[in-house]
Amino acid sequence: MPVKIKNGLPAEATLAQENVFVMTDVRAAKQDIRPLHILVLNLMPTKETTETQLLRVLGNSPLQVEVTFLRTATYQAKHTAPEHLSVFYSTFDEVADAHWDGLIVTGAPVETLGFTEVDYWPELAAIFEWAQRSVFSSLFICWGAQAALFHYYGIDKHPLARKCFGVFKHTVTDPMNKLTRGFDDVFYAPHSRHTTVAADDIKACDALDLLAASDEAGAYLAASKDGRQVFVTGHAEYEADTLKQEYERDRASGLVIEPPRHYFLDDDPGKPPVVRWRAHADLLFTNWLNYCVYQETPYDLTELQARTGIE
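Reading the sequence shown from the start, the letters are residues 1 to 311 in our numbering.
Quick look at the structure:
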């Protein structure tokens, strides 16, 4: 089934070449199907790249998904053309009166700042509060996951001695959870971050379940017990060369950085990356869409508050 997007979004051509089923709003208007309405708050600086990455994994399920991209109003992106944001993005004020099946909040390059020091933190906190009333299930990625864990549960992030950078082995800690259904006992996922959330802090919170973790990268996947909040500390959506591009960008900027671990063939930056997380990424997003959103969200989204019990 397709992902529904605005006509003309640049990601459409890329995804069409990969046989990912996307449908423009013009074509979707002719179909009598209730799609899942997913809002994506894109905080990444390379917004067009992130759009393609997320649409790729969302488009791999048998569900029709209508995606609306959201940007912050209190911080203006520096690496994306204003015309692109104007055409393809909404602000919070423009979507706040509607109800949504799902929300995705991406990572952001602000890890070294305290949460409340981030320019758009008041706006983000308001979106988090609104999501409890107006979104059935939310998925938070990397810094977005750290920010949500801090806002909802008071779980803080911790600085790392060296950047968690590479593709790491993970194990499933709760194989009976619907989000990990179909996961291999051992799977791989990319990480790129300077801070971490302690697995013990998640385990100590009665409202949360730790679902997967890594000996090297720490806590990876956690969720609220009702599945309405899902936290992913890595970047399952990353493309094959994303870590390579980050590594080369930082080296070109004069930063001292180690090559991403367990990523290049034979750990040699002169050799190509080895992709071993794509199947897991597709399953993670499909499980979230299916078990946390599609099978639980009300058909009539105006009934959302009655279903969640949150006023």
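C-beta: ideal position from N, C-alpha, C; glycine also. Owing to the predicted nature of the structure, the values given are computational and were not obtained by experimental measurement.
- When DSSP assignments are scanned along the segment 42-117, the uninterrupted stretches of alpha helix (DSSP H) that are 4 or more residues long and fall wholly within it turn out to be 47-58, 82-88 and 92-95.
- Within the same chain, V105, T106 and G107 come within 6 Å of G144 by CB-CB distance, once the 5 residues on both sides are set aside.
- Assigned with DSSP and collapsed to three states, Y291 falls in helix.
- Proximity of the segment 265-272 to the segment 168-178 falls short of the contact definition, fewer than three beta-carbon pairs being nearer than 8 Å.
- Residue environment: R71 is assigned as buried (16 or more neighbouring CB atoms within 10 Å of its CB, all protein chains considered).
- If the five residues before and after N290 are omitted, its C-beta is found closer than 8 Å to the C-beta atoms of S61 and L63, all from its own chain and listed in chain order.
- Around the beta-carbon of R133, fewer than 16 other beta-carbon atoms lie within 10 Å, marking it exposed.
- For A96, the number of other beta carbons within 10 angstroms of its own is below 16, and it is reported as exposed.
- In this structure, H235 lies away from A217, with their beta-carbon atoms at least 8 Å apart.
- Runs of the beta strand (DSSP E) lying entirely within the segment 150-182 and spanning at least 3 residues, in chain order: 158-172.
- Looking at the DSSP output, L210 shares a beta bridge with A222.
- In chain order, F115, D156 and K157 place their CB closer than 8 Å to the CB of F150, counting only its own chain and leaving out the 5 sequence neighbours on each side.
- Taking 8 Å as the cut-off, the beta carbon of L39 is found no closer than this to the beta carbon of A11.
- Judged by DSSP secondary structure, F187 falls within the beta strand (DSSP E) whose first and last residues are V186 to T196.
- By the C-beta density criterion, K163 is buried, having at least 16 other C-beta atoms within 10 angstroms.
- Ranked by Cα distance from S90, the first of F69, A98, P109 and E83 is F69.
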